[in-house]
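Numbering (the working numbering), first residue to last: 669 to 943.
Just so you know, even glycine gets a beta-carbon here, dropped at the ideal spot from N, CA and C.
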Amino acid sequence: MLRADQTRPRRPRFARRATLRRSLRLLGSFRFEQTDPAVFYGGVAADTADLVSDFYRDLTGKSLRGTIVLDVGGGPGYFADEFGRAGARYLPVEPDPSEMHAAGLRVAGSVRGSGMALPFRDDAVDVCISSNVAEHVPQPWVMAAEMLRVTKPGGLMVFSYTVWHGPFGGHETGPWHYLGGEYAARRYRRKHGREPKNRFGQSLFAVRAAEGMRWARETPDDIGILAVFPRYHPRWAWWMVRVPVLRELLVSNLVVVATKRPRSAYGESAPPDPA
669 MLRADQTRPR RPRFARRATL RRSLRLLGSF RFEQTDPAVF YGGVAADTAD
719 LVSDFYRDLT GKSLRGTIVL DVGGGPGYFA DEFGRAGARY LPVEPDPSEM
769 HAAGLRVAGS VRGSGMALPF RDDAVDVCIS SNVAEHVPQP WVMAAEMLRV
819 TKPGGLMVFS YTVWHGPFGG HETGPWHYLG GEYAARRYRR KHGREPKNRF
869 GQSLFAVRAA EGMRWARETP DDIGILAVFP RYHPRWAWWM VRVPVLRELL
919 VSNLVVVATK RPRSAYGESA PPDPA
């Protein structure tokens, strides 16, 4: 079980959006990830903006208007319009310049940098998010710690990643990743005559649901865990994250939502409001 946390709302506002219809729409869009990325990433971007807006309102009672949202691994900028519509200043960070411009989109304020060593000072942004990026990073929990570092006290961090043994863990090399990532990559090369975009061991890594659950459980006391849930499942199926083995196979994407508690006047984390 996760550490008890009084900052967590009884029922996240986002839960009302987590319907079966939404799940089917998002899961169905995965088939376009390689052939028509705008369809896939456009839908995920809108859903991410809704998710972040809901949790930020749960946490602060405010909308995203006027906030700074840092997107770690923002890629070609599909999320910019959605967060702009919410009134936020959107800043994507991406280590690969070719990926930043892959869709022909330009985002003002784009930053080239590694998620494992974010080029920002401590407590710099109101919201720090990462969507479907951790599985492409060799040290995803270093990246998670960096995201918390740059988030302001009282701010929001949303960490969402593809689970390796889930149906989409191998990305375009699936479902052969169930027989091993290296095998799946070799099979893809034999079939298509080229390396997959997401090459196991280089740009794709095995990240498990249990790792995210353990990271959430072991965060320092000044970090509040607001929610851990399967991103693409309806609300009535969120219990799956609590069941070992089952969560590895059926939770295609795990979301960890956290906050850095505000510091008191003495420089220590303020305790959660008992009200």
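No residue range can be given for M908, since it is assigned to no alpha helix (DSSP H) and is classified by DSSP as neither H nor E. Comparing alpha-carbon positions, the option among L688, A878, P806 and T687 lying closest to Q870 turns out to be P806.
In the three-state reduction of the DSSP assignment, F788 falls in the coil class.
The beta carbon of R876 lies closer than 8 Å to those of V831, W832, H833 and E916 in the same chain, with the five residues before and after it left out. In terms of Cα proximity to L727, the closest of V795, S691 and R899 is V795. Using a Cβ distance threshold of 8 Å, V761 and V737 do not count as a contacting pair.
Each of L816, S782, E803 and F788 was checked against the Cα of I797, and the nearest Cα belongs to L816. When C-alpha distances from R857 are compared across T841, F827, L695 and N800, the shortest belongs to T841. DSSP, read as helix, strand or coil, puts T819 in strand. When DSSP assignments are scanned along the segment 846-930, the uninterrupted stretches of beta strand (DSSP E) that are 3 or more residues long and fall wholly within it turn out to be 891-898 and 921-928. Looking from the CA of A748, the closest CA among R899, Y900, Y709 and F682 belongs to Y709. DSSP places R689 in the helix class (H, G or I) of the three-state scheme. Using a Cβ distance threshold of 8 Å, D722 and F751 do not count as a contacting pair. A check of alpha carbon separations from K820 across R685, A812 and R929 identifies R929 as the nearest.
For the pair of segments examined, the segment 859-870 was found not to touch the segment 896-913: the number of CB pairs separated by less than 8 Å stays below three. Taking the Cα positions, L786 is about 33 Å away from V913. With distances taken between CA atoms, V923 lies nearest to A812 out of A812, G848, D889 and N866.
By the C-beta density criterion, D715 is buried, having at least 16 other C-beta atoms within 10 angstroms.
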